[in-house]
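I have placed the structure first, in the form of structure tokens, so that the comments after it can refer back to it.
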Amino acid sequence: MKVRRPELSLLKKIFMVDLIKGLLLTFWYQRPSANYTEQYPKVRPKIAERFRGAPRLNNDPDTGETLCIACNLCALACPEHCIEVGWERTEAGKKALTTYIFDVSRCMFCGLCEDACPTPCLELTQEFELSLYGRRDMKLDRQQLEEGVQPVIYTK
Amino acid sequence: MNLDPIINYILIPLVKIGILFGILSLVIAYLTLLERKVIAFMQVRLGPMRVGYHGLLQPIADGVKLMLKEDIVPARADRLVFMLAPIITLIPAFIVFSVIPFGASSTIPIPAFTVPGLGWTYSGSMTGLFITDLNIGVLYVLSISSIGILGIILGGWASNSKYPLLGALRSAAQMVSYEVALGFSIMGVLMIAGSLSLVEIVNAQKNAGAWYVFLQPLGFILFFICGVAETNRAPFDLPEAETELVAGFHTEYSGFRFSLFFLAEYAAMIVVASMAVTLFWGGWLRPFPNVAFLSFLDYVPSPLWFALKVAVFLYFYLWFRASWPRYRYDQLMKVGWQWLMPLAIANVIVTAGVMLLLRG
Chain R
194 MKVRRPELSL LKKIFMVDLI KGLLLTFWYQ RPSANYTEQY PKVRPKIAER FRGAPRLNND
254 PDTGETLCIA CNLCALACPE HCIEVGWERT EAGKKALTTY IFDVSRCMFC GLCEDACPTP
314 CLELTQEFEL SLYGRRDMKL DRQQLEEGVQ PVIYTK
Chain V
-6 MNLDPIINYI LIPLVKIGIL FGILSLVIAY LTLLERKVIA FMQVRLGPMR VGYHGLLQPI
54 ADGVKLMLKE DIVPARADRL VFMLAPIITL IPAFIVFSVI PFGASSTIPI PAFTVPGLGW
114 TYSGSMTGLF ITDLNIGVLY VLSISSIGIL GIILGGWASN SKYPLLGALR SAAQMVSYEV
174 ALGFSIMGVL MIAGSLSLVE IVNAQKNAGA WYVFLQPLGF ILFFICGVAE TNRAPFDLPE
234 AETELVAGFH TEYSGFRFSL FFLAEYAAMI VVASMAVTLF WGGWLRPFPN VAFLSFLDYV
294 PSPLWFALKV AVFLYFYLWF RASWPRYRYD QLMKVGWQWL MPLAIANVIV TAGVMLLLRG
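Going line by line, the protein sequences match chains R and V.
Position in the first sequence (first residue = 1) + 193 = this note's numbering.
Quick note on numbering: this note's numbering labels position 4 of the second sequence as -3, and the sequence is numbered without any gaps.
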């Protein structure tokens, strides 16, 4: 196949105009402000607000009690059935949360549980460092969920 | 006993060789880091950042890694040649440095002394910042540095594998088409300087009051293009061409032998840069060597001027690699035979004509 190229004029060829243009372009890219690299473990990236990462059960900031009303809607909404809500009746006849298991290994971070939650309790946070050593560690219990996944601080 | 011959002809050169070898190894190690950094910046990346401050210890880490890696020799390879090839490439690249002048000649005084009890005497001497001053220095550099390519060809052949063989083939063709133009491009300088000794050529530039690049601009451009082609660097890196030939001639090499090939490549880059500086950019001379009111520049030691100029050329090497795509095989031949050769010969003829007119 014959490739058609624009004909270069003789002067352009002799003085290597196009080559020098290329050199100047790469030279200009060396300025520090052009740099695009993110020093990831040292400098954490900015994550968008709408990003859906590690799940967290929020507590009431004033009283420190859980906001969860054990309505089980999240478990019903979950397409993967990875949420298990455990509750018991109080003396007043109200449901109270006892255990909460969230299997992150099966979670696809669709956010339907978050939408189903009638209180601001269940939230998919911006934390994205979710790797663990085994599948069995990925069933987060209530305490882990209330603490949320903490970002690892890298010193080196 | 007179110690003059022992000290002048054995001890001083040995010390110089030791110092030069040490500095050279360090420069080559950090040239690899500089290459990675410069190319990274040009590609809006950062390059090595983790080993030491901004990756400053990266060459050491790389060196340790290459030393500890397994040195594999393919089962069907020609063992002897396979093992010899990197050494054949490396040694010429290093011994070329013996004639390159790094600083002003005859500037370091060695004092005279006598050893009282034994009656040994030394009458003292002046020595310069070069190991030896051959009167055929330029020829020596050209001939020795072209041996290095032999190592590449042997390495590619001995690997008994397709890609290295193709790389070696390309290297051979490249050598044939660029060696001649390289020789012709230097000819103009030799005619003006009237000497083949590198020290004499720099001194002639001092006496002429101008670096030869201003008298031989075309010669310099041709020399540098051919030099880049000679060292197999981008855009003439066809013998190793990662994108087409895996790694070209050193595909089958690993560990220490691989690093020897790389040492040789970087040493050759420094040789070509030093030759360009010595022949065309006034070697160790400061800018405007004959302008009196700039004489304060003499306070900068002459090796520093030399190092500065060489560094600029090494930067150019890296700059080219980050900017230009590789030539195709036929384009390379076309550039070599259709442009560089005729231009280099024309340069010689025009220089000769002008010299005849001016000097009669």
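From the three backbone atoms N, C-alpha and C, an ideal C-beta is built for every residue, glycine too.
This one's a predicted model, so the numbers in the text were calculated from it and none came from an experiment.
* Between Ser116/V and Leu(-4)/V, what straight-line distance do the alpha-carbon atoms span, to the nearest angstrom? -> Residue mapping note: residue 116/V aligns to position 123 of the second sequence, counting from 1. Residue mapping note: residue -4/V aligns to position 3 of the second sequence, counting from 1. Spanning the two alpha carbons is a distance of roughly 8 Å.
* For Phe306/V, which of helix, strand or coil comes out of DSSP? -> The residue labelled residue 306/V in the question sits at position 313 within the second sequence. Phe306/V: helix per DSSP, three-state reduction.
* **Residue-level contact to chain R via CB, Ala339/V, 7 Å cutoff** => As a position in the second sequence, residue 339/V is number 346, starting the count at 1. False, the Cβ-Cβ gap to chain R never drops below 7 Å.
* **Per-residue DSSP class, three states only, for Ala241/R** => Translated into the one-based positions of the first sequence, residue 241/R becomes position 48. Ala241/R: coil per DSSP, three-state reduction.
* Taking buried to mean at least 16 other C-beta atoms within 10 Å of its own C-beta, is Phe177/V buried or exposed? -> Position 184 of the second sequence, counted from the first residue, corresponds to residue 177/V. Counting C-beta atoms within 10 angstroms of its own C-beta, Phe177/V has 16 or more neighbours from the protein chains shown and is therefore classed as buried.
* Counting only runs of 3+ residues fully inside the region 185 to 238 of chain V, write out the beta strand (DSSP E) ranges in chain order. => Complete beta strand (DSSP E) runs here, min 3: none at all.
* To do: Can you tell me which of the three DSSP states Met384/V falls into?
  => Residue 384/V lies beyond the stretch modelled for chain V, which goes from -6 to 353, so this question has no answer here.
* To do: Check whether the Cβ of Leu39/V lies closer than 7 Å to any Cβ atom in chain R.
  => As a first step, residue 39/V must be located in the second sequence, where it is residue number 46. Yes, contact with chain R.
* Hey, Trp280/R and Ala268/R: beta-carbon distance below 7 Å or not? -> As a working note, residue 280/R is residue 87 in the first sequence. As a working note, residue 268/R is residue 75 in the first sequence. Trp280/R places its beta carbon 7 Å or farther from that of Ala268/R.
* Apart from the five residues on each side of it in sequence, which residues of its chain come closer than 7 Å, Cβ to Cβ, to Lys302/V? -> Start at 1 with the first residue of the second sequence, and residue 302/V comes out as number 309. Hits under 7 Å: Val270, Trp274.
* Quick one: which residues of the region 204 to 224 of chain R get their C-beta closer than 8 Å to a C-beta of chain V? List them in chain order. => If the cut-off is 8 Å between Cβ atoms, the region 204 to 224 of chain R has Leu212, Gly215, Leu216, Leu218, Thr219, Phe220, Tyr222, Gln223 near chain V.
* To do: Count the CB pairs spanning the region 253 to 273 of chain V and the region 187 to 205 of chain V that are closer than 8 Å, and state whether there are at least three.
  => Yes: at least three Cβ pairs fall under 8 Å.
* Glu281/R (DSSP reduced to helix, strand or coil) -> Sequence index remark: in the first sequence, residue 281/R carries index 88 (1-based). Three-state result, Glu281/R: strand.
* **Chain-order list of residues whose beta-carbon lies under 6 Å from that of Glu321/R (same chain, five-residue window excluded)** => By one-based count along the first sequence, residue 321/R stands at place 128. Residue identity differs from the one stated: residue 321/R is Phe in this sequence, not Glu. Within the same chain, Phe321/R has close Cβ partners Gly246.
* Under the three-state DSSP convention, the category Asp296/R falls into -> To locate residue 296/R, count along the first sequence from 1; it is residue 103. Secondary structure at Asp296/R: strand, using DSSP grouped into helix, strand and coil.
* What are the boundary residues of the alpha helix (DSSP H) that Phe254/V is part of? -> Here residue 254/V refers to the residue found at position 261 of the second sequence. DSSP places Phe254/V in the uninterrupted alpha helix (DSSP H) bounded by 248 to 273.
* Could you list which residues in chain V have their beta carbon closer than 7 Å to that of Thr230/R, in chain order? => Residue numbering aside, residue 230/R sits at position 37 when the first sequence is read from its first letter. Identification of chain V residues near Thr230/R by a Cβ-Cβ cut-off of 7 Å yields Arg38, Leu39, ordered along the chain.
* **Supposed contact pair Leu143/V and Ile81/V - C-beta distance, whole angstroms, cut 8 Å** => By 1-based counting over the second sequence, the position of residue 81/V is 88. By 1-based counting over the second sequence, the position of residue 143/V is 150. With 8 Å as the limit, Ile81/V and Leu143/V qualify as a contact, their Cβ atoms being about 6 Å apart.
* From Ile145/V to Gly329/V, what distance separates their C-alpha atoms? -> Position 152 of the second sequence, counted from the first residue, corresponds to residue 145/V. Position 336 of the second sequence, counted from the first residue, corresponds to residue 329/V. Using only the alpha carbons, I get a separation of about 20 Å.
* Looking at C-beta atoms only, is the number of pairs between the region 200 to 220 of chain V and the region 155 to 169 of chain V that lie closer than 8 Å three or more? -> Contact between the region 200 to 220 of chain V and the region 155 to 169 of chain V is absent, because fewer than three Cβ pairs lie under 8 Å.
* To do: Scan the region 310 to 323 of chain V for residues whose Cβ lies nearer than 7 Å to a Cβ of chain R and list them as they occur along the chain.
  => Closer than 7 Å at the C-beta level to chain R, one finds these residues of the region 310 to 323 of chain V: Trp312, Ala315, Ser316, Trp317.
* To do: May I ask you to report which of helix, strand or coil DSSP gives Val293/V?
  => Numbered from 1 along the second sequence, position 300 holds the residue referred to as residue 293/V. Under the three-state reduction of DSSP, Val293/V is assigned to coil, being neither helix nor strand.
* Own chain partners of Ile338/V with C-beta closer than 8 Å, once the 5 adjacent residues on each side are dropped -> Within the second sequence, the letter at position 345 stands for residue 338/V. Counting only Cβ-Cβ distances below 8 Å, and skipping sequence neighbours, we find Phe177.
* Does the beta-carbon of Gly130/V have 16 or more other beta-carbons within 10 angstroms, so that it is buried, or is it exposed? -> Here residue 130/V corresponds to residue number 137 of the second sequence, with the count starting at 1. Answer is buried; the Cβ neighbour count reaches 16.
* Go through its chain and collect everything with a Cβ distance to Lys9/V's Cβ below 7 Å, but skip five positions before and after it. => Within the second sequence, numbered from 1, the residue matching residue 9/V stands at position 16. Correct list, in chain order: Ile124.
* Hey, does Cys247/R have any beta-carbon neighbour from chain V nearer than 7 Å? -> Working through the first sequence from its first residue, we reach residue 247/R at position 54. Here residue 247/R is Ala; the residue named in the question, Cys, does not match the sequence. By the rule that beta-carbons nearer than 7 Å mark a contact, Ala247/R does not touch chain V.
* Asked: Between the beta-carbon of Leu132/V and the beta-carbon of Leu175/V, is there less than 7 Å?
  -> For the purposes of this step, residue 132/V is taken as residue 139 along the second sequence, with counting starting at 1. For the purposes of this step, residue 175/V is taken as residue 182 along the second sequence, with counting starting at 1. Between Leu132/V and Leu175/V, the CB-CB gap reaches or exceeds 7 Å.
* Can you tell me where the alpha helix (DSSP H) with Pro376/R in it begins and where it stops? -> Since the first residue of chain R shown is 194 and the last is 349, residue 376/R is not available in this structure.
* With a cut-off of 7 Å, does the C-beta of Phe216/V fall near any C-beta of chain R? -> Numbered from 1 along the second sequence, position 223 holds the residue referred to as residue 216/V. Not one beta carbon of chain R lies nearer than 7 Å to the beta carbon of Phe216/V.
* Taking only beta-carbon positions, decide if Phe34/V is within less than 7 Å of chain R. => Your numbering for residue 34/V matches position 41 in the second sequence. Taking Cβ atoms only, chain R reaches closer than 7 Å to Phe34/V, which makes this a yes.
* **Beta-ladder partner(s) of Thr291/R, from DSSP** => Walking along the first sequence from the start, residue 291/R turns up at place 98. Listed as beta-bridge partners of Thr291/R by DSSP are no residues whatsoever.
* Extent of the continuous alpha helix (DSSP H) run through Ser136/V -> Here residue 136/V refers to the residue found at position 143 of the second sequence. It spans 130 to 151 - the alpha helix (DSSP H) in which Ser136/V sits, taken as one unbroken run.
* Is any beta-carbon of chain V found at less than 7 Å from that of Ala227/R? -> As a first step, residue 227/R is located in the first sequence; it is residue number 34 there, counting from the start. Residue contact check for Ala227/R against chain V: a CB pair falls below 7 Å.
* Asked: What residues are listed by DSSP as bridge partners for Val107/V?
  -> For this step, residue 107/V is matched to residue 114 along the second sequence. As written in the sequence, residue 107/V is Thr, which differs from the Val given in the question. Beta-bridge pairing links Thr107/V to Thr114/V.
* Which chain R residues are close to Met60/V, counting only those with a beta carbon under 9 Å from its beta carbon? -> Position 67 of the second sequence, counting from 1, holds the residue named residue 60/V. Contacts between Met60/V and chain R, judged by CB atoms closer than 9 Å, are missing: the closest CB pair is about 24 Å apart.
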